[in-house]
Amino acid sequence: MTQSVVGSITLGYRPLWNRARELEAVQLFVEAAQGGAIDAVHLVAALQELSSMATPQLLLSMHNKRLLSDMLAHAPAGDYWIEVRGEWLSEPDIYERTQKAHARGLKLVWRGALEDWPKTPLQACFFLRLLTLAPLTAATALQEAAAGRQPDGSIAPGQIYEEVQSRALADLLLDRAGALAIAGWPSEDVLHAHRHQPVAPDGEVIRRAGKAVDDDQSMEQIEAVVREEPVLAYRFLSFTNSAAMAGRGGIESVRHGLMMLGYGALGRWLAEQGAHAATDIDLRPVKAQMVLRARLTEHLLDAGAEDGLRREVYLCGLFAELDLLLHEPLGQVLNRLPLSERIYAAAVKRSGPYAPALQAARAMEGDDTPALRAVCRAHGIGVEEANRQLLRALVGARR
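First residue of the sequence shown: 1, per full-length UniProt numbering; consecutive thereafter.
Now the structure itself:
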C-alpha cells in the first residue's frame, strides 16, 4: 500500500443497512490532512489493495471540496462509489468534473435533501442518491402509513436515506417505500421498545449455529457463528461457567467453552435458546455494529500470533455495550463471567492495555475525523495504521 497516501488521510465509517437489516454497503468518510490534495489514483489503489470479494460495497465520502474535485478528475472507474454533495455542485470545477467523471465510468452518488435533487443534465450523472427527508415529508409519510395507505411519490424508492431517527420511519422506508438502505440506524429508538426486558439472542444466528453443529462443522466455524451475536456469546459463557460446569474451572473464551461442552451438549443448549429467541429484525443492525466494533478492536490491537489474546480483545469490543441490551450496569454484567480484568478495565474504567484500541474503534464509528485523530494521538496509535485496520476489519463483514 502506498504509505504516503494512507498516512495522509483519516477514515471513519458508517454502515448502510438494507431491507433484511443486513449490511448493504459501508460509507467511508475520507479526510485529507489539513484539507490538502491527495493523489486520487494512489488513494483508490491503496483502498483496493486491502479490499477483497468479501469486502462490503464502499461509498467514499470526501470531507473537503478539494479532495472530491481531485477524485472526480483523476480517480479511475472501479467498483467503489463516490459521493457528491448537492451543495458542492455550485463550484464550477466540481460541476464540470462530475460530468466528466460520469463519462469516465465512475459510479456517483448524489447527497442532499430530497427536494434539492438537481435538474437535468446533472441527474443522469448519478445512479444513486443519499437523501435526507424534510421533517414534514417524513411526518406525512408516517401518517399515511398509520392510516394503512401506501406512501405517495414524495419518497423515492431504491435510494439510501440518512438522518433517520425513528424506528417507524426506518421500517416505512425499507419495508414499504422500497429504500435500498438506511445510513446508520435508529438504535436508541429500537432499544427503547425493548426497555422492559433483556434482549434475547437472534433466532437466525441460533439456527445457523445449530445447523453448523448438525453438519459437524469445525469448532472454528461454530465459534465464528456464535461470536456474531453478543447476547448469544454472553449467554454461552454464562452457561459454561454455571454451577453445573463449575468443576471444570473458569472458561474465558467461546472457543474454550465449545471444546469443553462438545457437540451433543452444545446442540441441546442451542435448541433451548431457540425456543426463546428474539424475532425483531430491527435489533440486527444494533448487534451487527457491536460485532464490527469487536472486529476493529481486535485488528487495532496487535495481538501477535497469540490466538487466546486475540479472542480476549475481540470479546472486549463485543461486550463493551452489553448494558444496552441487558439493561444492567456494564460492570455488573461483566463481573458475572471470569473474564480478564483487562476487558473490565477497558470497557468500564476506560483504562488498561485494551482501552486505546476500544476507544479508537468507537471513534471511527462516524464522520468526526478530528475526534478520531485526537484519540489516536492520545494513545500513540498511528492514523495510517488505524486506516489499514479499518479496511481489514471490513473484509468479511457482509455475510
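Don't be surprised by glycine CBs; every beta carbon is placed ideally from N, CA and C.
Query raised in the report: Could you check where the beta strand (DSSP E) with Tyr161 kicks off and where it finishes?
Result: Working through the sequence shown from its first residue, we reach residue 161 at position 161. Note, Tyr161: beta strand (DSSP E), 160 to 162.
Query raised in the report: Between which two residues does the alpha helix (DSSP H) harbouring Ala113 extend?
Result: By 1-based counting over the sequence shown, the position of residue 113 is 113. Here Ala113 belongs to no alpha helix (DSSP H); instead the beta strand (DSSP E) covers 107 to 113.
**Report entry** Rounded straight-line distance, which links the Cα of Ala294 to that of Met1
**Finding:** Position 1 of the sequence shown, counting from 1, holds the residue named residue 1. Position 294 of the sequence shown, counting from 1, holds the residue named residue 294. Confidence at Met1 is low in this model, with a pLDDT of 45, below 50, so the placement of that residue should be treated as unreliable; the coordinate-derived value is given next. One C-alpha to the other measures close to 24 angstroms.
Query - Span of the beta strand (DSSP E), counted from its first residue to its last, around Phe236 - result: What you label residue 236 is simply residue 236 of the sequence shown in a count that begins at 1. Taken as a continuous stretch (DSSP letters only), Phe236 belongs to no beta strand (DSSP E), being part of the alpha helix (DSSP H) at 230 to 240.
Query - Proximity to Ala33 [Cα-Cα], best of Leu11, Gln389, Leu108, Val44 - result: Indexing the sequence shown from 1 puts residue 33 at position 33. It is Leu11.
Query - In DSSP terms, what Glu312 is bridged to - result: In the sequence shown, the residue the question calls residue 312 occupies position 312. For Glu312, DSSP records no beta bridge to any residue.
Query raised in the report: Three-state secondary structure (DSSP) at Gln57?
Result: Here residue 57 refers to the residue found at position 57 of the sequence shown. Strand at Gln57.
Requested in this report: Give a yes or no on contact between the stretch 196 to 203 and the stretch 280 to 299, applying the rule of three or more CB pairs nearer than 8 angstroms.
Outcome: yes
Query - Distance between Trp17 and Glu57 (C-alpha atoms, nearest Å) - result: Working through the sequence shown from its first residue, we reach residue 57 at position 57. Working through the sequence shown from its first residue, we reach residue 17 at position 17. The question names Glu, yet the displayed sequence has Gln at residue 57. So the alpha carbons of these two residues sit roughly 12 angstroms apart.
Query - For Gln27, the first and last residue of its enclosing beta strand (DSSP E) - result: As a working note, residue 27 is residue 27 in the sequence shown. From DSSP, the beta strand (DSSP E) with Gln27 extends over 23 to 32.
Report task. Rounded to whole angstroms, what's the CA-CA distance from Val254 to Ser351? Just pull it up for me. Result -> Taking the first residue of the sequence shown as position 1, residue 254 is located at position 254. Taking the first residue of the sequence shown as position 1, residue 351 is located at position 351. Spanning the two alpha carbons is a distance of roughly 24 angstroms.
**Report entry** Collapsed DSSP secondary structure at Met1 in the structure displayed
**Finding:** Here residue 1 refers to the residue found at position 1 when the sequence shown is read from its first residue. Any reading at Met1 is ruled out, since the residue's pLDDT is 45, under 50, leaving its predicted position unreliable.
Report task. Scan the stretch 138 to 205 and note each continuous alpha helix (DSSP H) run of 4 residues or more that stays entirely inside, going in chain order. Result -> 167 to 171, 187 to 192
Requested in this report: Identify, in the order they occur along the chain, each residue of the same chain with its Cβ nearer than 7 angstroms to the Cβ of Gln27, setting aside the five sequence neighbours on each side.
Outcome: One-based indexing of the sequence shown puts residue 27 at position 27. Same-chain partners within the cutoff: Tyr13, Arg14, Leu16, Leu59, Ser61, Ala183.
Query raised in the report: Quick one: what does DSSP say Thr10 is sitting in, helix, strand or coil?
Result: Here residue 10 is taken as the residue at index 10 of the sequence shown, counted from 1. Thr10: strand per DSSP, three-state reduction.
Requested in this report: Report yes if the CB atom of Cys316 is closer than 9 angstroms to the CB atom of Ala288, and no otherwise.
Outcome: Indexing the sequence shown from 1 puts residue 316 at position 316. Indexing the sequence shown from 1 puts residue 288 at position 288. No, these two residues do not count as a Cβ contact at 9 angstroms.
Query - Residue environment, Pro370, which counts as buried when at least 16 other CB atoms sit within 10 Å - result: For the purposes of this step, residue 370 is taken as the residue at position 370 of the sequence shown. Exposed.
Requested in this report: Could you tell me the boundaries of the alpha helix (DSSP H) in which Glu365 lies?
Outcome: As a position in the sequence shown, residue 365 is number 365, starting the count at 1. Glu365 -> no alpha helix (DSSP H), and no H or E assigned at all.
Query - Arg111 beta carbon less than 9 angstroms from that of Leu131 - result: Translated into the one-based positions of the sequence shown, residue 131 becomes position 131. Translated into the one-based positions of the sequence shown, residue 111 becomes position 111. Yes, the Cβ-Cβ distance between Leu131 and Arg111 is below 9 angstroms.
Query - Beta-ladder partner(s) of Glu83, from DSSP - result: Within the sequence shown, numbered from 1, the residue matching residue 83 stands at position 83. Its beta-bridge partners are Val109.
Query raised in the report: Ordered along the chain, which non-local residues of its own chain (more than five positions away) have a Cβ less than 8 angstroms from that of Phe250?
Result: Within the sequence shown, residue 250 is the residue found at index 250, counting from 1. Rather than Phe, the amino acid found at residue 250 in this sequence is Gly. Excluding residues within five positions, the ones whose Cβ falls inside 8 angstroms are Asn241, Pro338.
Query raised in the report: Is the shortest distance between the beta-carbon of Glu228 and the beta-carbons of chain C less than 9 angstroms?
Result: Judged by its chain identifiers, the structure shown contains no chain C, having just a single protein chain.
Requested in this report: Using a threshold of 9 angstroms, state whether the C-beta atoms of Tyr263 and Val213 are closer than that.
Outcome: Along the sequence shown, one-based indexing puts residue 263 at 263. Along the sequence shown, one-based indexing puts residue 213 at 213. Against a cut-off of 9 angstroms, the Cβ pair of Val213 and Tyr263 comes out as a contact.
Requested in this report: Taking only the alpha-carbon atoms, compute the straight-line gap between Gly331 and Ala346 and give it to the nearest angstrom.
Outcome: Locating residue 331 in the sequence shown gives position 331, where the first residue counts as 1. Locating residue 346 in the sequence shown gives position 346, where the first residue counts as 1. Each residue's CA atom was taken as its position, placing Gly331 and Ala346 some 11 angstroms apart.
Query - Cβ distance (whole Å) where Ile94 is taken to contact Leu68 below 8 angstroms - result: Along the sequence shown, one-based indexing puts residue 94 at 94. Along the sequence shown, one-based indexing puts residue 68 at 68. Correct: roughly 6 angstroms between the Cβ atoms.
Query - Leu299 classed as buried or exposed, judged by whether at least 16 other C-beta atoms fall within 10 angstroms - result: Position 299 of the sequence shown, counting from 1, holds the residue named residue 299. The question names Leu, but residue 299 is His in the sequence shown. Buried, by the Cβ-count rule.
Query raised in the report: Between which two residues does the alpha helix (DSSP H) containing Leu131 stretch?
Result: Position 131 of the sequence shown, counted from the first residue, corresponds to residue 131. Unbroken run through Leu131 is the beta strand (DSSP E), 126 to 132; no alpha helix (DSSP H).
Requested in this report: Just tell me which of Ile82, Leu296, Ala320 has its CA closest to the CA of Leu310.
Outcome: Looking up residue 310 in the sequence shown gives position 310. Here the sequence assigns Arg to residue 310, which means Leu is not the residue at that position. Per the C-alpha coordinates, the member of Ile82, Leu296, Ala320 positioned closest to Arg310 is Leu296.
Requested in this report: May I ask you to report which of helix, strand or coil DSSP gives Leu337?
Outcome: As a position in the sequence shown, residue 337 is number 337, starting the count at 1. Note: Leu337 maps to coil in three-state DSSP.
Query raised in the report: Residue range of the alpha helix (DSSP H) that Val348 falls in?
Result: Position 348 of the sequence shown, counted from the first residue, corresponds to residue 348. Premise fails: Val348 is in no alpha helix (DSSP H) and is neither H nor E.
Query raised in the report: How big is the Cα-Cα spacing for Ala397 and Ala138?
Result: The residue given as residue 397 occupies position 397 in the sequence shown. The residue given as residue 138 occupies position 138 in the sequence shown. Going by the C-alpha atoms only, they are around 31 angstroms apart.
**Report entry** Rounded C-alpha distance that separates Leu169 from Glu163
**Finding:** If you number the sequence shown from 1, residue 169 lands on position 169. If you number the sequence shown from 1, residue 163 lands on position 163. Computed Cα separation, rounded: 10 angstroms.
Query raised in the report: Of all the options Ala20, Val44, His192, which has the alpha carbon lying nearest to the alpha carbon of Gln165?
Result: Walking along the sequence shown from the start, residue 165 turns up at place 165. For Gln165, the nearest C-alpha among the options comes from His192.
Query raised in the report: Considering only C-alpha positions, which residue in the set Leu390, Arg207, His63, Arg85 is nearest to Phe126?
Result: Taking the first residue of the sequence shown as 1, we reach residue 126 at position 126. Of the listed residues, the one whose Cα sits closest to Phe126 is Arg85.
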